[in-house]
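Numbering (the UniProt record's numbering), first residue to last: 1 to 327.
Even glycine gets a Cβ: it sits at the ideal position worked out from N, Cα and C.
The structure under discussion appears below in the form of structure tokens.
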């Protein structure tokens, strides 16, 4: 039977021998031979050279011993493995001189390293924490963190506290309503730890000893950048210090106190972002709250100003002098 017909009828490899092929090959092994007409349901046995013509009688086929058939197929695979091992050794030898130079020259450390995947990002951060000797600066935007995230942060933070390392963290004001975050802060207060909050923050940032920093490279935070260029790290540290000076200590009075006009600080911030043209989702993300809470504040703001629609609300905010009053 032509080869093309065999593949069309039996589209499988040797590792997935068809049921008819398995049965007939086993029969041939037990009996020592099998009639050529009997293998019509399994032409693959000839295709894979598991049977060969009987030299004494062309109407019969004899089985190739399994050990011989296996050896025939393993030989090219083993040869390829040996060739690839030889190639791997050659590649290793060719790069070895350069690896030696990198190990001897601290300046050869990559200024920017792309970290892909949560596992690799966490490994790099854990290494930086292990090597840290004096100070950690972190920015954690968003509202209250998940139980898992807080558990990981607590484990890392306690290890730093035990080593006498100082930590300063910036959160958004909305964490003041997160019992988990407040409990975390209470535990961390046993060490040299300071926590402050701001209304709006930049994206996540971690700086260790002002020598290495980590920032997200994608919105889903599954790709991060490890920065070791002194200029870049120093710039980010200065950004942190500016935010820190404007931030409010976590245990101080909440910054959102209702104003005499009935509009709270957070609603005033939302009003400003609405006038700037931001959608609800973007406002919620910038202020570290969920979209439902954001829309509840917008509804209260609309009720206070007497607005019946979103378009009218923007107009009333602009006409009320609300934003100019508190700039």
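For residue i, the first and last residue of its enclosing alpha helix (DSSP H)
{"i": "residue 240", "result": "230-246"}
{"i": "residue 279", "result": "First-last for residue 279: undefined, no H or E at that position."}
{"i": "residue 162", "result": "147-162"}
{"i": "residue 123", "result": "118-131"}
{"i": "residue 186", "result": "179-188"}
Euclidean distance between Cα positions of residue i and residue j
{"i": "residue 316", "j": "residue 271", "result": "10 Å"}
{"i": "residue 83", "j": "residue 18", "result": "32 Å"}
{"i": "residue 296", "j": "residue 182", "result": "24 Å"}
{"i": "residue 199", "j": "residue 88", "result": "54 Å"}
{"i": "residue 190", "j": "residue 287", "result": "29 Å"}
{"i": "residue 56", "j": "residue 75", "result": "30 Å"}
{"i": "residue 6", "j": "residue 29", "result": "Bear in mind that the predicted position of residue 6 carries a pLDDT of just 40, short of 50, making it unreliable; the figure below should be weighed with that in mind. Their backbone Cα atoms lie some 22 Å apart in a straight line."}
{"i": "residue 22", "j": "residue 85", "result": "34 Å"}
{"i": "residue 228", "j": "residue 137", "result": "15 Å"}
{"i": "residue 115", "j": "residue 320", "result": "48 Å"}
{"i": "residue 68", "j": "residue 127", "result": "52 Å"}
{"i": "residue 81", "j": "residue 73", "result": "13 Å"}
{"i": "residue 154", "j": "residue 170", "result": "15 Å"}
{"i": "residue 77", "j": "residue 15", "result": "14 Å"}
{"i": "residue 260", "j": "residue 141", "result": "For residue 260, the pLDDT reaches just 48, beneath the cut-off of 50, and the residue's location in the model is therefore unreliable, although a value from the coordinates is still provided. C-alpha separation (whole angstroms): 29 Å."}
{"i": "residue 266", "j": "residue 163", "result": "38 Å"}
{"i": "residue 293", "j": "residue 96", "result": "57 Å"}
{"i": "residue 209", "j": "residue 134", "result": "6 Å"}
{"i": "residue 65", "j": "residue 219", "result": "60 Å"}
{"i": "residue 139", "j": "residue 215", "result": "10 Å"}
{"i": "residue 193", "j": "residue 168", "result": "6 Å"}
{"i": "residue 172", "j": "residue 93", "result": "52 Å"}
{"i": "residue 242", "j": "residue 203", "result": "15 Å"}
{"i": "residue 31", "j": "residue 120", "result": "58 Å"}
{"i": "residue 186", "j": "residue 98", "result": "49 Å"}
{"i": "residue 148", "j": "residue 195", "result": "20 Å"}
{"i": "residue 49", "j": "residue 79", "result": "20 Å"}
Residue range of the beta strand (DSSP E) that includes residue i
{"i": "residue 168", "result": "166-172"}
{"i": "residue 195", "result": "193-198"}
{"i": "residue 301", "result": "Here residue 301 belongs to no beta strand (DSSP E); instead the alpha helix (DSSP H) covers 291-305."}
Residue i (DSSP reduced to helix, strand or coil)
{"i": "residue 313", "result": "helix"}
{"i": "residue 208", "result": "strand"}
{"i": "residue 35", "result": "strand"}
{"i": "residue 203", "result": "coil"}
{"i": "residue 54", "result": "strand"}
{"i": "residue 213", "result": "strand"}
{"i": "residue 323", "result": "helix"}
{"i": "residue 76", "result": "helix"}
{"i": "residue 249", "result": "strand"}
{"i": "residue 40", "result": "coil"}
{"i": "residue 224", "result": "strand"}
{"i": "residue 63", "result": "strand"}
{"i": "residue 137", "result": "strand"}
{"i": "residue 70", "result": "helix"}
{"i": "residue 91", "result": "helix"}
{"i": "residue 287", "result": "helix"}
{"i": "residue 17", "result": "coil"}
{"i": "residue 260", "result": "Bear in mind that the predicted position of residue 260 carries a pLDDT of just 48, short of 50, making it too unreliable to give a figure here."}
Cβ-based neighbour list, residue i, same chain, cut-off 8 Å, excluding 5 preceding and 5 following
{"i": "residue 24", "result": "34, 38, 39, 41, 42, 45"}
Own chain, CB closer than 7 Å to residue i, minus 5 neighbours either side, in chain order
{"i": "residue 59", "result": "35, 36"}
{"i": "residue 307", "result": "313, 316"}
{"i": "residue 20", "result": "41, 42"}
{"i": "residue 302", "result": "313"}
{"i": "residue 118", "result": "222"}
{"i": "residue 322", "result": "263, 268, 271"}
{"i": "residue 54", "result": "33, 60, 61, 62"}
{"i": "residue 327", "result": "Note on residue 327: pLDDT 43, under 50, position unreliable in the model; no value is reported."}
{"i": "residue 125", "result": "206, 214"}
Supposed close pair residue i, residue j - CB separation, criterion 8 Å
{"i": "residue 157", "j": "residue 188", "result": "5 Å"}
{"i": "residue 247", "j": "residue 304", "result": "Going by Cβ atoms, the distance from residue 247 to residue 304 rounds to 28 Å, so no, they are not a contact pair."}
{"i": "residue 233", "j": "residue 217", "result": "Going by Cβ atoms, the distance from residue 233 to residue 217 rounds to 16 Å, so no, they are not a contact pair."}
{"i": "residue 318", "j": "residue 275", "result": "6 Å"}
{"i": "residue 184", "j": "residue 150", "result": "5 Å"}
{"i": "residue 178", "j": "residue 143", "result": "6 Å"}
Same chain, Cβ closer than 6 Å to residue i, neighbours up to 5 away in sequence not counted
{"i": "residue 223", "result": "116, 217"}
{"i": "residue 281", "result": "291"}
{"i": "residue 273", "result": "283"}
{"i": "residue 240", "result": "137"}
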